[in-house]
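Every letter in the sequence shown is one number past the one before it in numbering that gives the first Met the number 0, and letter 221, counting from 1, is 220. Every residue, glycine too, gets a C-beta built ideally from N, C-alpha and C.
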Amino acid sequence: MRDLSFDLSALSAFYEEGGSPADVALEALRRARAQAELNGWILIREEQDILAEAEALTSRDRAELPLYGVPFAVKDNIDAGGLPTTAACPEFAYVPAADAPAVALLREAGAILIGKTNLDQFATGLVGARSPYGPGRNPFDPDYVSGGSSSGSAIAVSGGAVSFALGTDTAGSGRVPAAFCNLVGWKGSLGLVSTRGVVPACRSLDCVTVFALTCSDAAVVAAVAGQYDAGESFSRALPAVPPALPGWTGLRLGVPRAADLAFFGNPHTPALFEAAKRRCTDLGATLVEIDLTPFLEAARLLYEGPWVAERTAAVGDFLKANPDAGHPVVRGIVEGGWKFDAVDSFRAQYRLRELAQEARKAWEQVDAMLTPTAGTIHRIADVEADPVRLNSQLGYYTNFMNLFDLAAVAVPAGFQPDGLPFGVTLFAPAFTDASLLALGASLHEAAGVTMGVTGKTLPKSSLAMPAGDRIELAVFGAHMSGLPLSGELLARGGTPICEIETAPHYRLYALDTLVPPRPGLVRQESVGAPIAGELWSLPASELGGFLAGIGAPLGIGKVELADGRWVPGFLCEACAVATARDITASGGWRSWTMRKSA
């Protein structure tokens, strides 16, 4: 048990062989407690509470829970019901009555919360060293920073205590810790994961992020947590068919021109980035040098412009009333927001629009871009001696992304001679998240690195592109993009292609007895109608495993599309719909569920 990796494929195999969630929970607790010297945790939950949740899972259908018995952690600026939220400021602490929506979705999917993790106070920093709970120490060398602000979440995953952890990202906090701890860090499109129940840093830019051991794991978590939240004004729904990037073959990949690269005196990271670029070309990408000037100027706006005042809006009044509660560096940054006025804000917004227009020229040349996640890594002592300048260096490649509404995934890319990790980031316009995770899986595998600090080799990912021969699969219910079971397809390397309609020979029925609810598609020649759905692409090697997990009365057969093609797709046994509600007139499952929710 002590050698069990907590990546999702290993846990799934463990449960297939009869392992219990309670055993995993106890091992997660043991590992979390063993990390005390790294200052990764602010609070570890009581053992009896965790075990009660784990035991309750055994009465549920594992096939219906994509995160069955999966231990996870939450950055302590995100609410977990009944546990204090401190934002790394004990005087600020409050106890929420309910989970943040993102946390609630994960727990409903079977994940087991182990505890709350350390951070740069009020999520202000990229170093992880600005906390009264101690600096987050790098699991590869405790003299070095683990990256921030989501330091504790990265430490918990890298050290193997949990399978994944939630962080937040305003300026790079979901990516820099991933690079420094040899992890995948997914920073989704703005609003894709609800930020309700999160102590804001810059509310208009904040993202809830995922740290995981693999891109496949991150994709599963993203599919569960990435649900539209009508109670959050900054939430955005995933498009019915999200934009898809090409696979590696044919991918136009932007890379910084030499003049825009910065490694801040590190003698090892330039070669590591060049090696990552070569791996991209080996995978089939065409590299295109890009002028990063508008991106880098936008990055400077985040801390040198009036967006600092958003941090002041969030916690400025609290720190004014409680000056001794703030970390000196954090308090200085937050207090700096008071100097900006409305005129400054509008002028900065106008300049950001101008820079976005300039940056758009780059996106006309490329599909996605690749940069180092951070050009270098620093010792904790050096950061404490020079906190602002060294912190700024770590945001060089990250600060612009949320201002420009980009999606990103940070992946491991090798090690320096001293054993410290190095990472790179793939990014592209909003809602390309699934494609970026698939590309990231291939790049991570090509790097040949282990997961976290555990020494475990990276399992071969079915999410990676290229994935060999692929088949098309028509889906009409909960497996469609953004719906509860889409993660099953994403985890197997599936990518959405387009919206479709069937030929006018089918009827759709609501199978409310299934959890989550799903429709049944039945062919009825004489009284049928066209039914809306989606066409996905799935690696042929994954079809058998996917079929094995489909429960009765659903199955896969040939479905006739409106254009005359016959493709594999979901069908239902006719006998199962005899008493089910006919929802054919609704326009499809997505329309039906939206109307039902309304």
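In whole angstroms, what separates the C-alpha of residue i from that of residue j?
i: Tyr13; j: Leu56; result: Reading off the sequence, residue 13 comes out as Phe, not Tyr. Answer to the nearest angstrom: the Cα atoms are 15 Å apart.
i: Arg106; j: Ile496; result: 30 Å
i: Gly166; j: Ala86; result: 12 Å
i: Leu204; j: Gly124; result: 15 Å
i: Gln415; j: Phe272; result: 11 Å
i: Gly147; j: Leu118; result: 6 Å
i: Ala217; j: Tyr93; result: 29 Å
i: Trp591; j: Phe569; result: 17 Å
i: Ala221; j: Gly492; result: 14 Å
i: Val102; j: Leu300; result: 31 Å
i: Leu351; j: Leu237; result: 25 Å
i: Pro305; j: Phe179; result: 29 Å
i: Val209; j: His326; result: 26 Å
i: Glu296; j: Ala355; result: 10 Å
i: Val514; j: Val144; result: 44 Å
i: Tyr349; j: Ala308; result: 17 Å
i: Cys214; j: Lys459; result: 11 Å
i: Arg580; j: Ala509; result: 5 Å
i: Pro503; j: Arg469; result: 27 Å
i: Ala211; j: Ala528; result: 43 Å
i: Ala284; j: Glu498; result: 27 Å
i: Ala426; j: Trp247; result: Residue 426 is actually Phe in this sequence, not Ala. C-alpha separation (whole angstroms): 14 Å.
i: His267; j: Phe421; result: 9 Å
i: Asn137; j: Leu37; result: 7 Å
i: Ala539; j: Phe545; result: 10 Å
i: Glu288; j: Leu369; result: 10 Å
i: Ala341; j: Pro89; result: 32 Å
Once the 5 residues before and after residue i are set aside, which same chain residues still bring their CB inside 6 Å of it?
i: Ala155; result: Gly39, Ala72, Thr116, Val161, Ala164
i: Leu191; result: Gly225
i: Asn265; result: Thr375
i: Val576; result: Tyr508, Gly519, Val521
From the DSSP output, in three-state form, read off residue i for me.
i: Phe414; result: strand
i: Trp588; result: helix
i: Asp581; result: strand
i: Pro371; result: strand
i: Arg129; result: coil
i: Arg251; result: strand
i: Trp337; result: helix
i: Ala239; result: coil
i: Phe71; result: strand
i: Tyr396; result: coil
i: Thr285; result: strand
i: Ile41; result: strand
i: Arg330; result: helix
i: Leu570; result: strand
i: Val408; result: strand
i: Arg506; result: strand
i: Arg378; result: strand
Please confirm whether any heavy atom of the ligand SAM lies closer than 6 Å to the CB of residue i.
i: Thr213; result: With respect to small molecules bound, the structure shown includes none, and the ligand SAM cannot be examined in it.
Would residue i count as contacting chain D if we go by Cβ distances under 7 Å?
i: Pro371; result: The structure shown contains no chain D, having only a single protein chain.
Excluding the 5 residues preceding and the 5 following residue i in the sequence, name in chain order all residues of the same chain whose CB lies nearer than 7 Å to its CB.
i: Ala274; result: Gly413
i: Val223; result: Pro65, Leu66, Leu104, Leu105, Ala108, Gly486
i: Pro269; result: Phe262
i: Ser172; result: Ala122, Leu125, Gly147, Ser148, Ser149, Gly166
i: Ala170; result: Leu125, Leu301, Gly394, Thr397, Asn398
i: Asp6; result: Ser162, Leu212, Thr213, Asp216, Met450, Pro458
Cutting at 8 Å between CB atoms, please list the residues of its own chain near residue i, excluding the five before and the five after it.
i: Pro428; result: Pro242, Trp362, Asp404, Leu405, Ala406
i: Pro100; result: Ser193, Arg195, Gly196, Gln226, Asp228, Gly230, Glu231
i: Pro322; result: Arg330
i: Asp78; result: Thr84, Pro95, Ala97, Asp98, Ala99, Val102, Gly196, Val197
i: Arg378; result: Asp142, Tyr143, Val144
i: Ala445; result: Arg278, Asp281, Leu282
At what residues does the alpha helix (DSSP H) containing residue i begin and finish?
i: Cys279; result: 268-282
i: Trp362; result: 341-362
i: Leu25; result: 20-32
i: Glu13; result: Just to set this straight, residue 13 is Phe in the shown sequence, not Glu. 7-15 is the span of the alpha helix (DSSP H), which, as asked, contains Phe13.
i: Arg106; result: 100-107
i: Arg299; result: 292-303
Determine the extent of the beta strand (DSSP E) in which residue i is found, giving its start and end residues.
i: Gly80; result: Element bounds for Gly80: n/a, residue is neither H nor E.
i: Leu50; result: Per DSSP, Leu50 belongs to no beta strand (DSSP E); it is in the alpha helix (DSSP H), 46-56.
i: Gly114; result: 111-116
i: Ile499; result: 494-500
Any alpha helix (DSSP H) of 4 or more consecutive residues that is wholly inside the stretch 183-236: 214-224
Ranges of the alpha helix (DSSP H) found wholly within the stretch 137-184, counting only runs of at least 4: If only uninterrupted alpha helix (DSSP H) runs of at least 4 residues are considered, those enclosed by the stretch 137-184 are 150-157, 175-179.
Length at least 4, wholly inside the stretch 419-491: the alpha helix (DSSP H) runs in chain order: 432-446, 485-490
Length-filtered (3 minimum) beta strand (DSSP E) runs lying within the stretch 511-565: 517-522, 531-538, 553-559
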